[in-house]
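So the protein lines, in turn, are chains A and B. Offset between the first sequence (1-based) and the numbering used here: plus 3. Offset between the second sequence (1-based) and the numbering used here: plus 1157. Reviewing the structure listed below.
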Amino acid sequence: MNQEAFLTLFTPVQDKMYRFALRLLSSKEAAQDAVQEVMTKLWNKRERIKGYTNPQAFAMTMTKNYCLDQLKLKQNNTMRIVHSNYEDQGRNPAAIAEVKDELDFVRKIMDQLPEQQQMVLQLRDIEQQEFKEIAEVLEMSETAIRVTLSRARKKIREELLKVHRYGIA
Amino acid sequence: MELHKVKELLAKYEEGNTSLTEEKMLRSYFLSDHIAPEVSSYQPLFSFYDREGTQRYEAKITVNRSSYVKWIGIAASIIVILSLFLLNEFGTTNDLGTYEDPEIALKKTKEVLHLVGSFMNEGTEQLGYIKEIEHTGNQILK
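This is how it looks when you write it as structure tokens:
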């Protein structure tokens, strides 16, 4: 596979990978690094990828694993992934404390969900993918995904109703 | 879409049982301007999802970055080494100036030797202290 064929294959999925990484890592720089890293890894594996039926799903799975590894590293080293784009932050405490509008409040709710739920929501409600594809990317069964999704949606609804009744706290 | 239909879909949505088409219907309903107040608490959620989906990866992907960086490194080190050699060859000169006439050369050499010689005995008076040290030492030993 030459470079051109490789890029034609994976360029369409780049944005999705980036958004996915951004959801989990909540920093633009970290998410960009993640996409670049995964792309480099894919490039090194390009001969093997030819045999895969769904290389894009494989790319997404690699992005997922990379991001989860990064999060684990971050936890172990109690090291913050460095980011400077504060307007888009979820997980840093300053950004959580300061909620600018309703949409940021939704982000805040979403950031507090377990990673598994965030990933399912990201792929289903934002990327609008079929359960079959999500199952492939996340390496979970479709039933497990439905359950996770339902929990996440209910949790978000609950939080949203609180805000709706009492205003943004 | 009528309100009862929306509510029905929302209930299904929360159970994770809606199809993608049904979810698209919900999304377009909540992105429209006519949302029933009863369900308006969902509106920020769907606008959030809609906005999140528009983010783009803006950086440029470089796939064979490793070899590219390697070659840049090799090229840079060759340039550095070459420039060091070339600077040595042409940048410095061994010509320190010389005298063609032996007489002037002798005169200048003498001048230099005199100059060096004039500094030869400078500081000898400091050696007086050493004598003093010897003196007292001898007394104790007696």
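Think of the CB as a built atom: it goes at the ideal place given N, C-alpha and C, for glycine as much as any other residue.
Contacts with chain A (Cβ-Cβ distance below 8 Å) from the stretch 1167-1180 of chain B involve Y1170, E1171, E1172, G1173, N1174, L1177, E1180, listed in chain order. Secondary structure at L1177(B): helix, using DSSP grouped into helix, strand and coil. Residues of the stretch 1203-1214 of chain B whose Cβ lies closer than 7 Å to any Cβ of chain A, in chain order: S1204, F1205, Y1206, R1208, E1209, G1210, Q1212, R1213, Y1214. With respect to the C-alpha of E145(A), the residue from K158(A), E133(A), N47(A) having the closest C-alpha is E133(A). For M63(A) against K31(A), the beta-carbon gap comes to about 19 Å, at or over 8 Å, which does not count as contact. Assigned with DSSP and collapsed to three states, Q132(A) falls in coil, not helix or strand.
Close CB contacts of T1175(B) within its chain, under the 6 Å cut and outside five residues either way in sequence, are with K1169 (chain order). Nearest to L164(A) by alpha-carbon distance, out of S1197(B), L1241(B), E1279(B), is S1197(B). Only those residues of the stretch 1185-1203 of chain B whose C-beta falls short of 9 Å from the nearest C-beta of chain A are listed: S1197, S1198, Y1199, Q1200, P1201, L1202, F1203.
Under the three-state reduction of DSSP output, F1276(B) falls in the coil class, being neither helix nor strand. The alpha-carbon separation between W46(A) and I52(A) amounts to approximately 9 Å.
Counting only runs of at least 4 residues, the stretch 144-170 of chain A fully encloses the following alpha helix (DSSP H) elements, listed from N- to C-terminal order: 145-169. Counting other Cβ atoms within 10 Å of its Cβ, K1181(B) stays below 16 and is therefore classed as exposed. Scanning the stretch 14-38 of chain A for uninterrupted alpha helix (DSSP H) segments of 4 residues or longer gives nothing; none is fully contained. Taking E136(A) as the centre and dropping the five residues before and after it, the same chain places the C-beta of A60 closer than 7 Å to its C-beta, in chain order. Using a CB distance cut-off of 8 Å, L12(A) does not count as an interface residue toward chain B.
Neighbours of F108(A) in chain B, taken as residues at a C-beta separation under 8 Å, are given in chain order as P1201.
Among the residues facing chain B, R51(A) is not included, as its CB has no counterpart in that chain under 8 Å away.
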